[in-house]
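Visitor: Residue numbers (the numbering used here): -2 to 568.
Beta carbons are placed, not taken as given, at the ideal position from N, Cα and C, and that holds for glycine.
Here it is: the structure, laid out below.
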Amino acid sequence: MRLAAFLAGRTVRSLLSRTPAAPLTLGRVAVPVPERLLIAPQDLRTGDATRASEIYAGRFAFSGKIAMLEGRTPFELEPPSEEWAETLHGFGWLRHLRAAGTTIARANARALVGDWMRDPGYARAIAQRPDVAARRIISWLTQAPFVLQDADHDFYRRFMRSVARQVRHLRRAAGDAPDGYPRLISLIALAFAGLCMSDQTRLMRAAQKRLMEELDRQILPDGGPLTRSPGMLIALLLDLLPLRHAYAARNQPAPPPLMNAIDRMMPMLRFFRHGDGAFALFHGMSHTAADQLATILAYDDARGVPVANAPHAGFQRLEAHGTVVIADTGAPPPLSASDEAHASCLSFEMSSGRHRIIVNCGMTEVNRDRWRQVARATAAHSTVVVGDTSSCRFLQVGSFARTVGAPIISGPRDVPVQRGGREGAVLVRARHDGYAEPFGVLHQRSWRLAADGARLDGEDQFSAPPGATLRAVPFCARFHLHPAIEVERLEDAATVLLTVPGGEAWAFVAPNQTVAVEESVYLAAPDGPRRSLQLSITGALPETTRILWTLVRTRESDAPRGYARGGRRGG
């Protein structure tokens, strides 16, 4: 019933976007072929000149897949993966050719754009998807000065006609774009088109109106995104900051909702950062692109201490003397925005200085389809799994899945959170009911970070909903470790020694429990999935209703603590 209501609402929105009643409805705004481009947006994503030579040689390496042209255009090839096709037809790789800055690179860029204008080729359906079309429009507008330099009049006119045609398509398709980043990037592309192309006043007004409405809806009061994905903050700011600059270049004031959204999002960038500069791995977050994050943070004028409490986004941050704990204490995002969300309620990550210790598995940047189901499961997160089942239920099969993907259709609904402090220590307690329906279990987790940052005490408690009794069901508390952490078993079955690069050591202790060391996988490494380890504590209800665990620093590192200074960040 929820899916049917969701699909019905999407159909209504799509029809309304095409109705002729509203004069500023995007679906009805005319998009004439522009005479010229007035401005070109900034591109805050960095290019790699070495990749330009690969493209010139006919070697197209995207999303972990490589295709050789062998005399053909890349658009004639059968894509080795859907992600490869999305990257190809998004044309973000034009920035690499621009980084080369040579006459050959410019001619190559113009030839490839011309090939696409003649025939998008095999993956036409992917190329027409709203998010892919939006990325292509932004790329073409951004790289237009490079591509069009020294171009003849015929190519210039064909380029303008093609951009106008793509904008008309996106104008009609934007209402069907999936919720979350795909819908926002579609509207951002239309706003760019209205600002950059001549004779597009109506398009600019209509796109601005819809984009501001979506920003108000999707960027929560504390700056977190509706999808609850930290990675969306980076991707979105890389688009919104140039859009703000485009308004200034046109001598127009940026709309207040745009400015407010950017101002809310900036502090959240620091909220999700660990001591090494990398983002916490929640809800589809992968390897942190350090260059992109550094570029965005250069626009942050406040540069203050990160906020600690993000109740609207559903996260908590505990920090003391270089030790950072970031916890997911929120319910899943709405069904419409949950296609990439994870079953991660009450999971957490912990870092000490420049090193992460406890992590979630995260999400890989390559072969995402292969790993998506595994990465989204509760078992891929540092939290408790009850009954070997995820705390959320995902849509997996059937006609609905082919239409709307794999959103979360049930999961935690009530996640009360308490936060306080005592004698300098920070205490956070949260509970979720994701296991109440299938197993009759409520899971409560507490974190207490000492004032000196040298000790983290945790507690997991299990209880029955009011009026019910605990059923017999197994559980497993998992603590995934970063691949750089070395593990040493001690004679005491309840204690494990964790050694951090640089010599720092932490003891993990779970009194009266057996701590097992098992294999795991770290999906968010920059070069793809890596083998790692995890600690696990197993038990069964109703015999065991409470487990305690502690992480205590037993040896200091000689290296300075805090954010990395220079060099490579993230990982």
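Provide the residue(s) that pair with residue 323 in DSSP beta bridges, ordered along the chain.
Guide: DSSP lists 314, 346 as partners of residue 323.
Visitor: Assuming residue 381 contacts residue 477 under a Cβ cut-off of 8 Å, what Cβ separation, rounded to an integer in Å, is found between them?
Guide: Not really, about 13 Å apart at Cβ, beyond 8 Å.
Visitor: Using the Cα positions of residue 31 and residue 195, report the straight-line distance between them to the nearest angstrom.
Guide: Between residue 31 and residue 195, the C-alpha separation is close to 5 Å.
Visitor: What are the boundary residues of the alpha helix (DSSP H) that residue 139 is part of?
Guide: Element bounds for residue 139: 127 to 139.
Visitor: In or out: residue 487 buried (at least 16 other Cβ within 10 Å) or exposed?
Guide: Flag for residue 487 reads exposed.
Visitor: Helix, strand or coil for residue 371, going by three-state DSSP, please let me know.
Guide: Helix, per DSSP.
Visitor: Ends of the alpha helix (DSSP H) at residue 458?
Guide: Here residue 458 belongs to no alpha helix (DSSP H); instead the beta strand (DSSP E) covers 452 to 460.
Visitor: For residue 90, which of helix, strand or coil comes out of DSSP?
Guide: Here residue 90 sits in coil by DSSP.
Visitor: Please work out which residues of its chain come closer than 6 Å, Cβ to Cβ, to residue 84, disregarding the five sequence neighbours upstream and downstream, and give them in chain order.
Guide: So the list reads 59, 60, once near-sequence residues are dropped.
Visitor: Using DSSP bridges, identify the partner residues of residue 65.
Guide: Answer is 56.
Visitor: Please say whether residue 223 and residue 230 have beta carbons closer to each other than 8 Å?
Guide: The answer is no: Cβ separation not under 8 Å.
Visitor: Starting from the C-beta of residue 266, find all residues in its chain whose C-beta is less than 8 Å away, skip the five residues before and the five after it, and write them out in chain order.
Guide: If we look at residue 266 and ignore the five residues flanking it on each side, its Cβ neighbours are 230, 231, 234, 290, 293, 294, 297.
Visitor: Rounded to the nearest angstrom, what separates residue 215 and residue 188 at their Cα positions?
Guide: Each residue's Cα considered, the two are about 17 Å apart.
Visitor: Can you determine whether any heavy atom of the ligand GDP sits closer than 7 Å to the C-beta of residue 55, and answer yes or no?
Guide: As presented, the structure is devoid of all ligands, the ligand GDP included, so that no description of it is given.
Visitor: Less than 8 Å separating the beta-carbons of residue 409 and residue 332?
Guide: Taking 8 Å as the Cβ cut-off, residue 409 and residue 332 do not qualify as a contacting pair.
Visitor: Tell me whether the region 352 to 371 and the region 521 to 538 touch, counting them as touching only if at least three CB pairs, one residue from each stretch, are closer than 8 Å.
Guide: Yes, they touch.
Visitor: Who are the near neighbours of residue 26 in its chain, counting only those whose CB is closer than 7 Å to its CB and skipping five residues on each side?
Guide: Excluding residues within five positions, the ones whose Cβ falls inside 7 Å are 168, 199, 200, 203.
Visitor: If you follow the alpha helix (DSSP H) that residue 284 is in, where does it begin and where does it stop?
Guide: Here residue 284 belongs to no alpha helix (DSSP H), and DSSP marks it neither H nor E.
Visitor: What's the call for residue 228, buried or exposed, on a 16-neighbour Cβ count within 10 Å?
Guide: Per the 10 Å Cβ criterion, buried.
Visitor: Hey, out of 496, 450, 389, whose CA is closest to residue 433's CA?
Guide: Among 496, 450, 389, the Cα nearest to that of residue 433 is on 389.
Visitor: For my contact list, residue 285 and residue 276 are in at a C-beta cut-off of 8 Å; report their separation, rounded to the angstrom.
Guide: Correct: roughly 5 Å between the Cβ atoms.
Visitor: Once DSSP output is grouped into helix, strand and coil, what is the label at residue 551?
Guide: Residue 551: strand per DSSP, three-state reduction.
Visitor: Please report the straight-line C-alpha distance between residue 146 and residue 128, rounded to a whole angstrom.
Guide: Going by the C-alpha atoms only, they are around 27 Å apart.
Visitor: Quick one: using the 10 Å Cβ neighbour count with 16 as the cut-off for buried, is residue 468 buried or exposed?
Guide: With fewer than 16 Cβ atoms within 10 Å of its Cβ, residue 468 is classed as exposed.
Visitor: On a Cα-Cα basis, can you pick out the residue from 156, 377, 210 that is closest to residue 176?
Guide: For the residues 156, 377, 210, the minimum Cα distance to residue 176 belongs to 210.
Visitor: Fully enclosed by the region 193 to 245, which beta strand (DSSP E) runs are 3 residues long or longer?
Guide: Runs of the beta strand (DSSP E) inside the region 193 to 245: none found.
Visitor: Identify which residue in 366, 336, 35 has its Cα closest to the Cα of residue 246.
Guide: It is 35 whose Cα lies nearest to the Cα of residue 246.
Visitor: Going by CA-CA distance only, name the one from 237, 72, 162, 375 that's closest to residue 120.
Guide: Comparing Cα positions, the closest option is 72.
Visitor: Please say whether residue 329 and residue 219 have beta carbons closer to each other than 8 Å?
Guide: Cβ distance not < 8 Å, so residue 219 and residue 329 don't count as in contact.
Visitor: May I ask you to verify whether the region 368 to 387 touches the region 498 to 506, counting CB pairs closer than 8 Å and requiring at least 3?
Guide: The answer is no - the region 498 to 506 does not touch the region 368 to 387, with fewer than three Cβ pairs under 8 Å.
Visitor: Residue 109 to residue 156, Cα distance in whole Å?
Guide: Each residue's Cα considered, the two are about 12 Å apart.
Visitor: Between residue 471 and the rest of its own chain, which residues show a CB-CB distance below 6 Å, the 5 nearest in sequence each way excluded?
Guide: Here the set comprises 537.
Visitor: Could you check whether residue 384 and residue 462 sit closer than 8 Å to each other, using their CB atoms as the reference points?
Guide: Cβ distance not < 8 Å, so residue 462 and residue 384 don't count as in contact.
Visitor: To the nearest whole angstrom, what separates the beta carbons of residue 533 and residue 475, a pair I think is in contact under 8 Å?
Guide: Right, their Cβ atoms sit about 5 Å apart.
Visitor: Sorted by chain position, which residues of the same chain lie with C-beta nearer than 7 Å to residue 208's C-beta, five sequence neighbours on each side aside?
Guide: Closer than 7 Å at Cβ, skipping near neighbours: 184, 185, 188.
Visitor: To test your reading of the DSSP string, which unbroken beta strand (DSSP E) runs of 3 or more residues are found completely within the region 75 to 119?
Guide: Counting whole runs of 3 or more residues, the region 75 to 119 contains no beta strand (DSSP E) stretch at all.
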